[in-house]
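In the order they appear, the protein sequences are chains H and W. 11 is the number of the first residue of the first sequence in the working numbering; add one for each residue after it. 86 is the number of the first residue of the second sequence in the working numbering; add one for each residue after it. Inspection log for the structure reproduced underneath, given as C-alpha cells.
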Amino acid sequence: MKRILPILLGATLGLLATTSAFAIERGGAMTFARYDDSTVIDPVYADRNPDLWMVNGLYETLLRNGPDGSIVPGLAEAHEVSADGKTITLALRGGLKFSDGSDLTGADVVFSLDRARNADLGPWAGLLGAVDKVAADGNRITVSLKNPDPTIISILATFNTGIMPKAAFEKAAGATDQEKARAFFSAGPVTSGPFVMKSHVQGSSMSFERNPNYWRQGEDGKPLPYLDRVEFLVIPDDATRILKLQAGEVDAAEFIPFARVGELGADPNLKMELFPSTRIVYAPINTREAKKDGSKNPLADIKVRQALNYATDKNVLIKLVTFDTGKPMTSLMSAATQLHYGPEALYPYDPEKAKQLLSEAGLSGGFEVKLTTLAGSADDATLFTALQQMWAPLGVNLKVEQVDNPTRGEKNRSGDFDIHTYGWANDVNDPAQVTGWLGYYKQRQAVGTGWNNQEFNTLFEASNVETDPAKRKDEYKRMQEIYAAEAPLLFLFETPFAVAVSKSIEGYVQTPLGANDFSEAWRAD
Amino acid sequence: MPSLSYLVARLLQIIPTFLLVMIFIFLLVRLLPGDPAIAMAEAKATDAQLEQIRHNLGLDQPLPMQFLVFVKNTLTGDLGRSIMLKAPVTEVILSRLPTTIFLALYAIVLAVFLAGPLAFLAASRVNTPVDVAIRSVFQVGLSMPVFYIGLLLLTVLAAQLRWFPVGGYGKTFLANLYHLILPALSVALYTSAIILRNLRASLIEVLDADYVQFARAKGLSPRIIMTRHVLRNALVSTVTLLGLSIGNLMSGTLVTETVFAIPGVGRLMLEAIFARDYPLIQGLTLTFAVLVSVVFLLTDVVQSWLDPRLRQS
C-alpha cells in the first residue's frame, strides 16, 4: 500500500497536468467593450491608441515581443545582425499564407517595410529612418542600414512594420496610397495576423473573425487563435461600460477607472486584471530661465525642481489617484522598459530637505506656481488638491488652470506653462522612444520643458548608433541618472492597464505597450 | 394655411443666418487653443512633423484663403474630410444623423405624451394635491442633469432589473424603439417638465378667459370648448416652446449619446471638438443649423395655422 500511494498520487498529478494543458476550449466568441473606436487599423496610418493597439490583431510582424519583453521570432523564424551592425538578415518561415489563402512572400515584406518607412505616408516612418534598402531573395530578407541602429530589431516587432499583402493592397481602388488604404480597409482587409476584420460600424461596433491561415500554434498543437470571433462595442462612458459588463452583456471592459477596481475585483463573476504597463503619469516642469510672459521662472533652478519633487508624497498620490494600483517612478521610464535603471523610488517624501533646498535657492519666502490640469479629469483634480496641500507648508502657492487636451498640448508646445499633467505609454519595445521624447532637446525640447543638457544629448545620440549592447546599457544608465538628478519632471507614478474580464474568459492580455492581444484568449464556459 | 409668399420669405431669411453661422463657426473653432495637428499627434510628433501635418491639412494657408475654400466647397456640397476619422465629412454625418433624429423625435413624442395629459389634469385641478404632486415630480426632472437621469435609468432599469439593454442601439425600427427608450426618456424628462409648466399655466389662463366664460354661457359642450377654444389658444405658446427646446434637445443628445453609447451626431460633435477636427465641427454645426432652421420654420407654420393673427406680420 505504501508503495502504491505515491504511484497513484503521481498518476493523478500527471493526469491533472495533462488535462490542464489540453483544457483549452476552442470556438465561441467574446465581446469586448472599448472606450473609443478605431478609425483605420493600418500599420502605417494608425495614429491614435485605439488604432495602433489593434494593429497586431490584424497584422503580424517579422519579429514579436515575447511575454517577458524579449524579442522572439514572428513571421521570420531567425534573424541575424552583421558585425558592423549595418545589415540585418531574416529568414521568413516556409508556407506562410495571408487570410485569403495567398502566399506571404518576400515581396510582401519589401512592400510593407518600404511603405512603413515612406515619410510621405504615416507618422511612424521616422522609426525606420536608418533603413537604406530592404531586399528579398526567396525566403531571405535583407535590411540594409545607412548607419548602425540598435533599435531596429525592436522596430521589426512594432505594429508599424506589420506585413500587408502587396497584391491585394495594390488592387484596391484609388490613385494615392491614402485612398487605397481606405478602400482596402473598408472592404474587410486581407490580413496576416490572428484575425480578419469582418465588419466595422464607425463609432459603434467592430467584428474580428478567426484567420484560419494564421501561423502560430496553440497549446493543443492546432493553429491559433482559439476564439472564432471577437466582437467590439464602443462605450465611451466609464460608468456605462462597467454597467454593461456587470449586466453580463459583454465579457470584458477596458480602462476601468482605478476608483472602481476594488469593487469589480470583489464581483464573483469578474476578474480585475491589472496588466503591467509602460504607462507613466508625470508632470513636465518648465525649466526655461523666463516664463512665456517674460517674468523670471523660479523653476529654472534645479534646486527648486528637486525641492518640489521631495515635497511630493508619491505614496499618498498613489493611494488617492490610483487606489494603490500604481507604483512610484524609479527613472524617467517605466520599470517595464528595456534598459531601465532605477534602484529606488525617485525623491522619497522629505519636506525638510525640500525646505532646505528652497532656502538654498533663496526662495524660503515662498512663490507662486501654476499647475495646468485636464478639465473634467477627476484624477487631475485630486492631484491638484493633494499637491496644493503638500506644497503649502513650503510657501508654494499652487494655482490651478484647467484646460482641454489640445489646449494643454498647445501650451506644452509653446512653453506657456509652469507645470502640467501628462501621461505616456511606450509604443516600441525599446527605451529610445521614451528617452528621446522626455529628455532629448532636439526632438521636442525634452517634452516641452526646455531642458537642454549637453551630456544627456550627446549620450542619447551615441546610444542611437551604439552596436555594443553593454555600452548602450551603460549610456542608458548614465542618462537616467542625469535625468533623475536634474528633475525636469515632477516624477509621479506608473499605472497598470486595468481591464475587467468575465471569469469565463481566459488568456486575454493587454501588453505593456497597450496592445490588445486576443490571439490566445478562449472561453472556459 | 400660411401663404406661399410667407413660406418663401421665411426660407429666404435662412440664407443670411447660414452665412453668419459659417463665419462664426469658422472663426470660433480657430480661436480655440490647439489645432488639429496637435490634437492628432497629441504627444508623439516632433515640431517638424507637426508642420508637415499642418501643411498637409492646409492649415498653413492664410485664414481668408481657408475661409474661401470652406465656402466654395460647402456651396458645392463638399464639407471636406474629417481629420480624425479620415473620411468625407458628408458621409460621416449622413451615417450618424438618422440615429440622432430618431432619438430626438422619440424624446419629443415621449415628452408630449408625458406632459400633455398631465398638464390637463393639473390645470383642471389647480392647487389640489394632484396638481402639486404632478408639479413636484416634474420639478425633479427639471433640476436633475440629463447624464445623471440617464445613469440612474441605466443602473436601475437596465443593469439591475434587466428590462432594457445597457446602452447601444438596434438595427431595425422596432429594435430601436426598444433600445433607445431609456436615452429618449432621460432627454424627454427635462423637455416634458418645461412643456408641463408652460401648458399648465396657459391652460389655467385660457380656462379663465372671457371668451371661454362666454362659450360656457352660450351652452357649448365642454368638449367643443376644450378643442376649439381652450386647446387652440393654450397651444400657441407651447408650440413655440417646443420649437425652442430643439436646442435643449440637441445639447441633451450630446450628453445622452455618450452615456448610452449611441453613435449619433451629438457624441460625434464632442469627439470632433476634442480632436479640433475643423472640417467635422464645421459640417456638424451647419447640420445643426439646418435642423434648427427647419424646426423653427415648422414651428412658425404650425403657429400661423393655430393663430391667424401671425400671418399678417
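Think of the CB as a built atom: it goes at the ideal place given N, C-alpha and C, for glycine as much as any other residue. From a predicted model like this one, the values you see are computed outputs, not experimental measurements.
Cβ-based contacts, 9 Å cut-off: residues of the region 392 to 412 of chain H near chain W: none
Three-state secondary structure assigned by DSSP to Arg-488/H: Counting from one through the first sequence, the residue named residue 488/H turns up at place 478. The answer is helix: DSSP assigns Arg-488/H an H, G or I state.
Ser-90/W, enclosing beta strand (DSSP E) - first and last residue: Here the question's residue 90/W lines up with position 5 in the second sequence. It is not in any beta strand (DSSP E) - Ser-90/W instead sits in the alpha helix (DSSP H) that spans 89 to 116.
Beta-carbon contacts of Gln-453/H that lie in its chain and below 7 Å, excluding the five residues immediately before and after: As a working note, residue 453/H is residue 443 in the first sequence. Excluding sequence neighbours, Gln-453/H sits near Gly-446, Trp-447.
Assigned secondary structure, Asp-311/H (DSSP; H/G/I helix, E/B strand, else coil): Taking the first residue of the first sequence as 1, we reach residue 311/H at position 301. In this structure, Asp-311/H counts as coil in the three-state DSSP scheme.
Contact check, Asn-549/H vs Val-82/H, beta carbons under 9 Å: For residue 549/H there is no data in the structure shown, the boundaries of chain H being 11 and 535.
Residue range of the alpha helix (DSSP H) that includes Ile-358/W: As a working mapping, residue 358/W is identified with position 273 in the second sequence. Per DSSP, Ile-358/W belongs to the alpha helix (DSSP H) from 350 to 359.
Ranges of the beta strand (DSSP E) found wholly within the region 147 to 197 of chain H, counting only runs of at least 3: 150 to 155
Assigned exposure category for Pro-160/H - 16 Cβ within 10 Å defines buried: Reading the first sequence from its first residue, position 150 is the one you call residue 160/H. So Pro-160/H counts as buried.
Within chain H, partners of Phe-111/W - CB distance below 9 Å: Looking up residue 111/W in the second sequence gives position 26. Neighbours of Phe-111/W on chain H: none; closest Cβ ~17 Å, over 9 Å.
Closer than 9 Å to chain C by CB, Gly-162/W: Here chain C cannot be found, since the structure's protein chains are H and W.
Distance between beta carbons of Leu-292/W and Ala-208/W, contact taken as under 8 Å: Translated into positions along the second sequence, residue 208/W becomes position 123. Translated into positions along the second sequence, residue 292/W becomes position 207. Contact flag correct, Cβ pair sits at about 7 Å.
Interface flag, Asp-238/H vs chain W, CB-CB below 9 Å: For this step, residue 238/H is matched to residue 228 along the first sequence. Taking Cβ atoms only, chain W never reaches closer than 9 Å to Asp-238/H, which makes this a no.
Reduced DSSP category for Pro-338/H - H, G, I as helix; E, B as strand; rest coil: In the first sequence, residue 338/H corresponds to position 328, counting from 1. Three-state result, Pro-338/H: strand.
Beta-carbon spacing of Gly-458/H, Asn-422/H below 9 Å: The count along the first sequence starts at 1 and reaches residue 458/H at position 448. The count along the first sequence starts at 1 and reaches residue 422/H at position 412. Result yes, Cβ atoms of Gly-458/H and Asn-422/H sit closer than 9 Å.
Reduced DSSP secondary structure (H/G/I, E/B, other) of Leu-73/H: Position 63 of the first sequence, counted from the first residue, corresponds to residue 73/H. Strand, per DSSP.
Run of the beta strand (DSSP E) containing His-210/H, from where it starts to where it stops: Taking the first sequence and counting its residues from 1, one reaches residue 210/H at position 200. It spans 205 to 211 - the beta strand (DSSP E) in which His-210/H sits, taken as one unbroken run.
When Thr-383/H, Glu-378/H, Tyr-320/H are compared against Leu-367/H, the one with the closest alpha-carbon: To locate residue 367/H, count along the first sequence from 1; it is residue 357. Of the listed residues, the one whose Cα sits closest to Leu-367/H is Tyr-320/H.
Contact set between the region 175 to 189 of chain H and chain W, restricted to residues whose Cβ is under 9 Å from the partner: Shown in chain order are the members of the region 175 to 189 of chain H whose Cβ falls below 9 Å from a Cβ of chain W: Gln-188.
Closer than 9 Å to chain H by CB, Phe-345/W: The residue labelled residue 345/W in the question sits at position 260 within the second sequence. So, interface residue.
Ala-39/H beta carbon less than 9 Å from that of Val-240/H: Here residue 240/H refers to the residue found at position 230 when the first sequence is read from its first residue. Here residue 39/H refers to the residue found at position 29 when the first sequence is read from its first residue. For Val-240/H and Ala-39/H, yes; Cβs fall inside 9 Å.
Reduced DSSP secondary structure (H/G/I, E/B, other) of Gly-95/H: On the first sequence, residue 95/H is found 85 positions in, with the first residue counted as 1. Coil, per DSSP.
Burial state of Ala-546/H, where buried means 16 or more other Cβ atoms lie within 10 Å: The structure shown does not extend to residue 546/H, since chain H is modelled only from 11 through 535, so no value can be given for it.
Cβ-Cβ distance between Ala-510/H and Leu-280/H below 9 Å: Position 500 of the first sequence, counted from the start, is the residue given in the question as residue 510/H. Position 270 of the first sequence, counted from the start, is the residue given in the question as residue 280/H. Leu-280/H is positioned such that its CB atom lies closer than 9 Å to that of Ala-510/H.
Closer than 8 Å: Val-106/W CB and nearest the ligand ATP heavy atom: Looking at this structure, you won't find the ligand ATP or any other ligand, since it has none at all.
Chain H contact residues for Pro-404/W, given Cβ-Cβ distances below 8 Å: Absent from the model: residue 404/W. The displayed extent of chain W is 86 to 398, so no value can be given.
Ile-186/W (DSSP reduced to helix, strand or coil): By 1-based counting over the second sequence, the position of residue 186/W is 101. DSSP places Ile-186/W in helix when its eight states are reduced to three.
Min CB distance Trp-447/H to chain W below 9 Å: As a position in the first sequence, residue 447/H is number 437, starting the count at 1. For Trp-447/H, the answer is yes, since a Cβ of chain W falls inside 9 Å of its Cβ.
Cβ neighbours of Tyr-450/H in the same chain (closer than 7 Å, five flanking residues each side left out): As a working mapping, residue 450/H is identified with position 440 in the first sequence. Excluding sequence neighbours, Tyr-450/H sits near Ala-456, Asn-467, Phe-470.
Cβ of Val-251/W within 9 Å of any chain H Cβ: One-based indexing of the second sequence puts residue 251/W at position 166. It does: the Cβ of Val-251/W has a partner Cβ on chain H nearer than 9 Å.
Backbone secondary structure at Ala-534/H - three-state DSSP: As a position in the first sequence, residue 534/H is number 524, starting the count at 1. If DSSP states are grouped into helix, strand and coil, Ala-534/H belongs with coil.
Chain H within 9 Å of Arg-361/W, Cβ atoms only: Here the question's residue 361/W lines up with position 276 in the second sequence. Yes, its Cβ sits closer than 9 Å to a Cβ of chain H.
Local conformation of Asp-426/H per DSSP, three classes: Taking the first residue of the first sequence as position 1, residue 426/H is located at position 416. Coil, per DSSP.
Which of helix, strand or coil DSSP assigns to Ala-257/H: Position 247 of the first sequence, counted from the first residue, corresponds to residue 257/H. Three-state DSSP puts Ala-257/H in coil, outside helix and strand.
Residues that DSSP places opposite Lys-572/H in a beta bridge: The structure shown does not extend to residue 572/H, since chain H spans only 11 to 535, so no value can be given for it.
For Thr-41/H, the residue or residues it bridges with in DSSP: Working through the first sequence from its first residue, we reach residue 41/H at position 31. According to DSSP, which records beta bridges pairwise, Thr-41/H is partnered with Glu-241/H.
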